[in-house]
Structure formats: C-alpha cells, structure tokens
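Below is one structure, written out as structure tokens; the observations come after it.
Numbering (this note's numbering), first residue to last: 210 to 715.
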C-alpha cells in the first residue's frame, strides 16, 4: 500500500493544511526515516482490533466471568464500564499528547500498557484487581486509539490510498467486535477466564514490538502548551458521568447516582468553559462551527448510543430470552460485526459518489432499519429470526465506521489529526456508556417478580423489543443530525469530488 504519487488529486476528505505539518520539517526530509505505509496500516489496524476484542471479549460470558472473579451484579456492569471510563477520560488528552510529543511514542506506550493491563487481569487475585485492570485497559486503549488515525494519515497522503486505508482501519473496528465475544466465550470455556487476558497480553506484546520497529515518528511542527485544567476537568467529568451511568442500574434516584451524574455534567461544563478561555486549548471549540466536525463527533456519539451500546448487551439478552450459550450468542453477534468488516472494506467505492458526511447519514439510516428488524423476539423463536436485521445493520455499520474515520481526519487541521481521532473516539465511547445504560434500563423495565422462568423470559423479551425500538430511533436521530450537517456543509463550501478510485492499490 504505497502512498499516492505527489501529483495525485486530493480527496474530498483531505485536510486543507499542507501535508508537511504531519511530518518532519522540509529541512530535515533528507535525513528522515522512510515511512512504511503498509506496515503502518497493518500495525495500527491490528492494535485497534485488539482494543475492540479486549472490550467485547467478556460480553458473551459476563455472568461466568463475574462469578469466577467473585463479582456481583454491579461488578458485572463494571467489567464493561471500567474500560469505558479509562477510554473516555483520556482519549482526547492522548490525541493532543500524540500530536505534540510524537504519535509513534504515544501509540507504542499505549500498546505496551495494554499488554501490562491484560497480564494484570490474567493474574488478578480477586474481583477488585480485575476491575482495576479493566480500567487500566481503557487508559491503554485510549493511548493507542487516539494516534492511530494520525499515523495512518501521515503514511498515506490525501487521495484514494488514504480513503482505502481509513476503510481498512474501520474494518478493523468491526473485526475486533466480531472476534471478541467468540474468543472470550471459547477461551473462558476451555481454559478459564484468566486465559482470556493472557492471550491478549501476548498478542499485544507482539504488536508493540512491531510498532517500535516499523512505525515512523510524526508530530505537529509547533507543539502547544499543556492544558492541565482541561485534562483534569475532562478526565474527572467523563469518569463521574460514566460511573453514574453504571451505578444507575441499582436505582436512578439513589443519592450516589445523582451525585455522580451531576458532578460529571458540572465538570464537563467546566471543561467547555476552560477550553473557551485557555490560550492553547486541548479541544478547539471553534471546530464546532464546522459542519464536518459536528457530523464527525455527533455521528460517533449516536453510533455509541444506538449501535455499540445496544450490541454490547445483545449477547446477554439473547442468553436470557433464547437460552443460548455464551458462545452461541457471540456467534449471532458476529453476523452483524463480521458483515461490517466486509462493508467497511468496500465503502471506499462510495467516496466518488457521497461525501463522508452523507455517508455517515446513510450508514446510520441503514443501521436503524436493521435494528428495527430485530423487533419481535420471543423465547420460542430461533436466532435465525434476527438474521435479516443483523445483516442490514452490519452493512450499515461498515459504511458508518469507514465514514467516521474519514471525517475524524478531514474535519480538523492536518497537524491535529490525532486530536480529531481522540475527539471522535471520545464521543463514540461516551455514547457507548450511555447506550449500555439505556439498553439495560429499557430492557429491564418489563421484568417480572414472578419466580416462573418462562414468565421472566417473556418479560425480558418485551423489554428487549423496547430496547430495539429505542436503539433504532437513536440511529434515525443521528442520521437526521448528519443530514442537517451535510445541508449546512453544502451551503458553505461545496465539496470537490475525490480522485477516481481506479488508481488506488487493490
């Protein structure tokens, strides 16, 4: 996957800033190490897939893992939520640090920390240490996810090659979600829950070695000053907000839950106030005047709300309603996520016809239709009843992942590519935490106190239908936001057509 020739036409998603801001200055280009485009894409995509595998691995065996680690119902929720806390709190910070101090440096540190956190999870003596390892895993995932798109953009100049590379990165997201639940259920069944983390620790150590050997360092030419108040308010605000969402399962009127949610909202408001006044903000709020940036962050937020949040809990619902094993439930979910991989790899063919913003709207619309197709699940039905909806939602998810990757890079200045990636992923994972909380609350709203297992399954099926409708409605709301942004985009500067994809490597 060699970079496009210098004379190739820029794509519709290409940043307007000069490409030299992503790499060494002109005076040092003669001594700069070569950029390995193919190796960069392979390493960043592999690390991204590992991050999503690690997050989704427990979803198909939550009950078994929680029981083995001596965790209760709240602890089961924190197996997923702990990782979201670490990711959401530090993604934007990691993106800014990568742009200013070196994307390869931050990425490699993140992969190494990933290996350490998974090793700690594998060796945890009890539930508390295991949950701490899951939070550390989130921190590590933030450090490797934030610089990933910046590294890819540095290695692939604007044009069809970059569009193709970003599509492959989007496919890696879907691949990790497809593999994670099946891997987690298989390994937990054959070798125990500790082996799940052990296998990921070994794999991530190998990726870290490849990152150190094959990636080329890149950073912004003019680093900005540290924004300590922005870092603190964002990290604390997102942590409190997600913690409140996790604890809300025990009762939304609880004083602890109210305090956590209120504290999170106040601190995030303080973060916005700080960024509006600080001289060199971690997140430039002026970016929200750009329709493309609104579509990127809003689209990522609704992706988390409507897709990641609901699908993360779907295996648990399938086990409760259909009585599937954890492995079977993970396999059903893989129908959705596996098709998203194929769809993301082919999404580059849409680049000549649709802008990235329009592609986000299309992806969310298709996902909403697919999720609506999951309605009507009953305890006596077959999992095949879900296949049409999962197929449609999978195709839409791949289109969406590829488009969000394009927008994350193109909606910010070229020298702030990692910050754009951090902002995009922060929105996605905060949305995911909200989505999981909404799914659990809505699906559990129809539960019964009757001891009859059949009545309990029927009640859960009713709650699942409600959760399906809410998720589909959120998808459509996200599509409407993206369409509004596209309309505003067309009224300002018309987006040029990207270069033909015939010259892109195949």
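Don't be surprised by glycine CBs; every beta carbon is placed ideally from N, CA and C.
Exercise. Of all the alpha helix (DSSP H) runs that stay within the bounds of the stretch 431-457, which reach a length of 4 or more residues?
Worked result: 437-456
Exercise. Could you check where the alpha helix (DSSP H) with residue 390 kicks off and where it finishes?
Worked result: By 1-based counting over the chain shown, the position of residue 390 is 181. Where residue 390 is concerned, the enclosing alpha helix (DSSP H) stretches over 369-400.
For this session: Would you be able to state if there are at least three C-beta pairs under 8 Å between the stretch 289-306 and the stretch 410-426?
Result: no
Problem set entry | Neighbour-count burial assignment, residue 482, 16 or more Cβ in a 10 Å radius | On the chain shown, position 273 is the one that residue 482 refers to. So residue 482 ends up on the exposed side.
Exercise. Below 9 Å between beta carbons: does that hold for residue 425 and residue 249?
Worked result: For the purposes of this step, residue 425 is identified with residue 216 of the chain shown, where counting begins at 1. For the purposes of this step, residue 249 is identified with residue 40 of the chain shown, where counting begins at 1. Their beta carbons are under 9 Å apart, which means residue 425 touches residue 249 by this criterion.
Exercise. Given a threshold of 16 other Cβ atoms within 10 Å of its Cβ, counted over all protein chains shown, does residue 466 qualify as buried or as exposed?
Worked result: Here residue 466 is taken as the residue at index 257 of the chain shown, counted from 1. Looking at its Cβ environment, which holds 16 or more other Cβ atoms inside 10 Å, residue 466 is buried.
For this session: Provide the residue span of the alpha helix (DSSP H) that contains residue 585, from first to last.
Result: Along the chain shown, one-based indexing puts residue 585 at 376. Here residue 585 belongs to no alpha helix (DSSP H), and DSSP marks it neither H nor E.
For this session: Write down the C-beta distance between residue 381 and residue 257 rounded to the nearest angstrom, noting that I regard them as a contact closer than 8 Å.
Result: The residue given as residue 381 occupies position 172 in the chain shown. The residue given as residue 257 occupies position 48 in the chain shown. Sure, about 5 Å apart at Cβ, within 8 Å.
Exercise. Along the chain, where does the alpha helix (DSSP H) that runs through residue 498 open and close?
Worked result: For the purposes of this step, residue 498 is identified with residue 289 of the chain shown, where counting begins at 1. Looking at the DSSP string, residue 498 is not in any alpha helix (DSSP H), and its letter there is neither H nor E.
Problem set entry | Reduced DSSP secondary structure (H/G/I, E/B, other) of residue 333 | One-based indexing of the chain shown puts residue 333 at position 124. The answer is coil: DSSP assigns residue 333 none of H, G, I, E or B.
For this session: Could you tell me whether the Cβ atoms of residue 178 and residue 502 are closer together than 9 Å?
Result: Beyond the ends of the chain as shown, which are 210 and 715, falls residue 178; an answer cannot be given.
Problem set entry | CA-to-CA distance, residue 347 to residue 527, given in whole angstroms | Residue mapping note: residue 527 aligns to position 318 of the chain shown, counting from 1. Residue mapping note: residue 347 aligns to position 138 of the chain shown, counting from 1. So the alpha carbons of these two residues sit roughly 26 Å apart.
For this session: Verify whether the separation of the beta carbon atoms of residue 521 and residue 641 is less than 9 Å.
Result: On the chain shown, position 312 is the one that residue 521 refers to. On the chain shown, position 432 is the one that residue 641 refers to. Yes, the pair counts as a contact, with Cβ atoms nearer than the cut-off.
Problem set entry | the stretch 633-640 / the stretch 386-404 touching (three or more Cβ pairs under 8 Å) | no
For this session: Counting only the same chain and skipping the five closest in sequence on each side, list residues whose C-beta sits under 6 Å from that of residue 627.
Result: If you number the chain shown from 1, residue 627 lands on position 418. Correct list, in chain order: 304, 307, 308, 312, 355, 356, 359.
Exercise. Three or more beta-carbon pairs under 8 Å between the stretch 266-278 and the stretch 531-538, yes or no?
Worked result: yes
Exercise. Any chance the CB of residue 366 is under 8 Å from a heavy atom of the ligand FMN?
Worked result: Questions concerning the ligand FMN fall outside what the structure shown contains, since it holds no ligand whatsoever.
Exercise. How would you call residue 571, buried or exposed, if buried means at least 16 neighbouring beta carbons within 10 angstroms?
Worked result: To locate residue 571, count along the chain shown from 1; it is residue 362. Buried.
For this session: Determine the burial state of residue 494: buried for a count of at least 16 other Cβ atoms within 10 Å of its Cβ, exposed for fewer.
Result: Locating residue 494 in the chain shown gives position 285, where the first residue counts as 1. Exposed is the call here.
Exercise. For the alpha helix (DSSP H) that residue 615 lies in, which residues bound it at each end?
Worked result: Taking the first residue of the chain shown as 1, we reach residue 615 at position 406. Run containing residue 615: 596-619, per the alpha helix (DSSP H) assignment.
Exercise. Taking the alpha carbon of residue 652 as the point to measure from, which residue in 673, 638, 639 has its own alpha carbon closest?
Worked result: The residue labelled residue 652 in the question sits at position 443 within the chain shown. Of the candidates 673, 638, 639, the one whose C-alpha sits nearest the C-alpha of residue 652 is 673.
Exercise. What residues in its chain sit with their C-beta under 7 Å from that of residue 540, if we drop five residues either side in the sequence?
Worked result: To locate residue 540, count along the chain shown from 1; it is residue 331. Contacts found: 391.
For this session: Determine the DSSP secondary structure at residue 662, reduced to helix, strand or coil.
Result: If you number the chain shown from 1, residue 662 lands on position 453. Residue 662: helix per DSSP, three-state reduction.
For this session: Output the distance between the C-alpha atoms of residue 469 and residue 513, rounded to the nearest integer angstrom.
Result: Indexing the chain shown from 1 puts residue 469 at position 260. Indexing the chain shown from 1 puts residue 513 at position 304. Those two C-alpha atoms are separated by around 21 Å.
For this session: Could you spell out where the alpha helix (DSSP H) holding residue 464 opens and where it closes?
Result: For the purposes of this step, residue 464 is taken as residue 255 along the chain shown, with counting starting at 1. 464-486 is the span of the alpha helix (DSSP H), which, as asked, contains residue 464.
Exercise. Within this structure, are the beta carbons of residue 341 and residue 323 separated by less than 9 Å?
Worked result: Walking along the chain shown from the start, residue 341 turns up at place 132. Walking along the chain shown from the start, residue 323 turns up at place 114. Contact flag unset, no.
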